[in-house]
Amino acid sequence: ATESIKIGFLAPTSSVAAQSAQDMIDGFTLFWEQHGLEVSGRPVEIFYDDSTGDPDVALSKARLMVEQRHVDMLFGTLFANEGLAVAEYVKETGTPTFFQIPSADDLTQRSRIPNVLRPAGWTSSGPHHPFGEWVAKNTDCKSVYTIGSDYAFGHEVVGGFVNTFTDNGGTVQAQVWNPIGEADFSSYLAAIQDAQPDCVFVLEVGAAAVRFHQAWNDFGLAGQIPIYFGEVPADQSILRGIDPPEIAVGAISVGHYAEGRDSPATQDFVNAYDKRFGNLPSYYAAASYTSALWVTKAMESLNGDLSNTQAFLDAVRNVTFDDSPMGPLKMDEYGNPIQDMYIRKVEKRDDGRIWNVVIETIPNVSQFYHYDVDAFLKQPVYSRDYQGIDWP
Numbered sequence: 004a005t006e007s008i009k010i011g012f013l014a015p016t017s018s019v020a021a022q023s024a025q026d027m028i029d030g031f032t033l034f035w036e037q038h039g040l041e042v043s044g045r046p047v048e049i050f051y052d053d054s055t056g057d058p059d060v061a062l063s064k065a066r067l068m069v070e071q072r073h074v075d076m077l078f079g080t081l082f083a084n085e086g087l088a089v090a091e092y093v094k095e096t097g098t099p100t101f102f103q104i105p106s107a108d109d110l111t112q113r114s115r116i117p118n119v120l121r122p123a124g125w126t127s128s129g130p131h132h133p134f135g136e137w138v139a140k141n142t143d144c145k146s147v148y149t150i151g152s153d154y155a156f157g158h159e160v161v162g163g164f165v166n167t168f169t170d171n172g173g174t175v176q177a178q179v180w181n182p183i184g185e186a187d188f189s190s191y192l193a194a195i196q197d198a199q200p201d202c203v204f205v206l207e208v209g210a211a212a213v214r215f216h217q218a219w220n221d222f223g224l225a226g227q228i229p230i231y232f233g234e235v236p237a238d239q240s241i242l243r244g245i246d247p248p249e250i251a252v253g254a255i256s257v258g259h260y261a262e263g264r265d266s267p268a269t270q271d272f273v274n275a276y277d278k279r280f281g282n283l284p285s286y287y288a289a290a291s292y293t294s295a296l297w298v299t300k301a302m303e304s305l306n307g308d309l310s311n312t313q314a315f316l317d318a319v320r321n322v323t324f325d326d327s328p329m330g331p332l333k334m335d336e337y338g339n340p341i342q343d344m345y346i347r348k349v350e351k352r353d354d355g356r357i358w359n360v361v362i363e364t365i366p367n368v369s370q371f372y373h374y375d376v377d378a379f380l381k382q383p384v385y386s387r388d389y390q391g392i393d394w395p
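As structure tokens, then:
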């Protein structure tokens, strides 16, 4: 019998991000249900495991996949700390590892590892570079007030926005950081109300993002102060939890994916996913589906022969899409996609659910945007202390 291709997929199904982890699995599952569990005549075996959100557990599960199940490749993990733990391990083993969700900038920048690639993945700052510039050039906002979750993902997202916003003549009125999982935004919103900024840029995650939408509405700030959202707080994973959904209608954000994008490649996927799982797909689902599509295309280009790891990784690097659920895609030499970024607006569908439609497409955006790569990499990664305000 032909030897099977073994794939390990890690997702933190028992963590605070359990629903997003399930979206990842659902997106991946949908691809294989549509494609069939074989590639170029070789059967495909998929092993799913719970990475729990704890980097030590993610590491032990990765080790189990590689050393006991002898997988040919790893996909998944959700939190940056899980991804980093797995990346450090596979640096030693050489296992082809594909991240869709962990978006720590340095995974494909200053700390890149040749066998860790991001097919259908992203960097935290990536979509937010063009967004900062877009807001500076296309709105009346000259001075921004930022509020973000106080951890690496928040710092990188807000930094990407602030760097280009200030490059294009904008100034920063204030930067406020709240604990991840903030339960009560009232003091933060009172301060924003007092400050009366031109606009606010926000990056919250998980249940706190849902609470932020509600609080912004309850405080009567909607319509009073323009607000722009980072990608995740306007993702379908958050929008589903907003009650009533009308609260989020009109929200402007950026994304490397937009479920309301008017393209057959996106709508065929959205409709199939909705039919199968009864949900509009989040970016967690779309990226997992598209990564399976991407890596399968690479495997098929080798006729399913994965015996030469370098040839397999090269094949993954060389895949291009004229269109996909996420739009046109190709990979840069650092292992991250060059992709269209979408300025998005939340609208109500005919069925009463809300989703992100595209109001403008910014094509072919690299993780370095239009900066000189060497100059960019000489700067530190975005952090609380470095937001790119005075650079370049």
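For the sequence shown, the numbering used here begins at 4 and goes up steadily by one. Yeah, the Cβ is synthetic: ideal placement off N, Cα and C, and Gly gets one too. Note that this is a predicted model, so its numbers are computed, not measured.
Mapping DSSP to helix, strand and coil, what is arginine 243?
coil
In this structure, how does DSSP classify tyrosine 51 when only helix, strand and coil are distinguished?
strand
Nearest candidate by alpha-carbon position, reference valine 273, set Ser327, Thr16 and Ala301:
Ser327
Report yes or no: do the region 228-244 and the region 206-217 share at least 3 C-beta pairs separated by less than 8 Å?
yes
Whole-angstrom C-beta distance between glycine 307 and isoleucine 8, which should lie under 8 Å:
7 Å
Paired residues, beta bridge with methionine 76 - DSSP:
Ile10
Please state the DSSP three-state secondary structure of valine 190.
Going by the sequence as given, residue 190 is serine instead of valine. The answer is helix: DSSP assigns serine 190 an H, G or I state.
Does the beta-carbon of serine 294 have 16 or more other beta-carbons within 10 angstroms, so that it is buried, or is it exposed?
buried
Three-state secondary structure (DSSP) at asparagine 321?
helix
Can you check whether the CB of proline 122 is closer than 8 Å to the CB of valine 319?
yes
The region 184-199 touching the region 162-171, judged by at least three CB pairs closer than 8 Å
no
Under three-state DSSP, which class holds glycine 151?
strand
Going by C-alpha to C-alpha distance, which of Trp394, Gln370, Asp393 and Gln227 sits closest to arginine 113?
Gln370
In this structure, how does DSSP classify asparagine 84 when only helix, strand and coil are distinguished?
helix
Exposed or buried, which one is serine 285 when buried takes at least 16 other CB atoms within 10 Å?
buried
Between the alpha carbons of alanine 83 and aspartate 59, how many angstroms are there, rounded?
13 Å
Those residues which DSSP pairs with methionine 334 across a bridge
Pro340
Exposure label - proline 130; buried when at least 16 CB within 10 Å
buried
For the alpha helix (DSSP H) holding glycine 135, just list the boundary residues, first then last.
131-141
By the 10 Å Cβ neighbour count, where 16 or more other Cβ atoms means buried, how is glutamate 262 classified, buried or exposed?
buried
Beta carbon of valine 384, beta carbon of glutamate 136: below 8 Å?
no
How is serine 304 classed by DSSP in three states: helix, strand or coil?
helix
For tryptophan 394, I'd like the list of residues in its chain whose CB is within less than 8 Å of its CB, leaving aside the five on either flank, ordered along the chain.
Asn166 and Gln382
Is DSSP giving tyrosine 374 helix, strand or coil here?
coil
Can you check which of these residues, Glu6, Val19, Ser18 and Phe34, is closest to alanine 290 by C-alpha distance?
Phe34
Can you give me the C-alpha to C-alpha distance between glycine 79 and alanine 314, rounded to a whole angstrom?
22 Å
Relative to the C-alpha of tyrosine 92, which residue among Trp180, Leu77, Phe280 and Thr149 is closest?
Leu77
Is the region 8-17 in contact with the region 264-273, if contact means three or more CB pairs nearer than 8 Å?
no
For isoleucine 362, does the count of other Cβ atoms within 10 angstroms reach 16, so buried, or fall short, so exposed?
exposed
Going by the beta-carbon positions, is the gap between alanine 288 and aspartate 29 smaller than 8 Å?
yes
8 Å Cβ shell around threonine 174 - same chain, five flanking residues per side excluded:
Lys145, Ser146 and Val147
Excluding the 5 residues preceding and the 5 following proline 15 in the sequence, name in chain order all residues of the same chain whose CB lies nearer than 6 Å to its CB.
Ala24, Ser54, Thr55, Gly56 and Leu81
With 16 other Cβ atoms within 10 Å as the buried cut-off, status of arginine 214
buried
Nearest to arginine 387 by alpha carbon, out of Asp153, Val42 and Thr142?
Asp153
Mapping DSSP to helix, strand and coil, what is asparagine 220?
helix
Just the C-alpha distance for valine 179 and phenylalanine 188, rounded to the nearest angstrom, thanks.
12 Å
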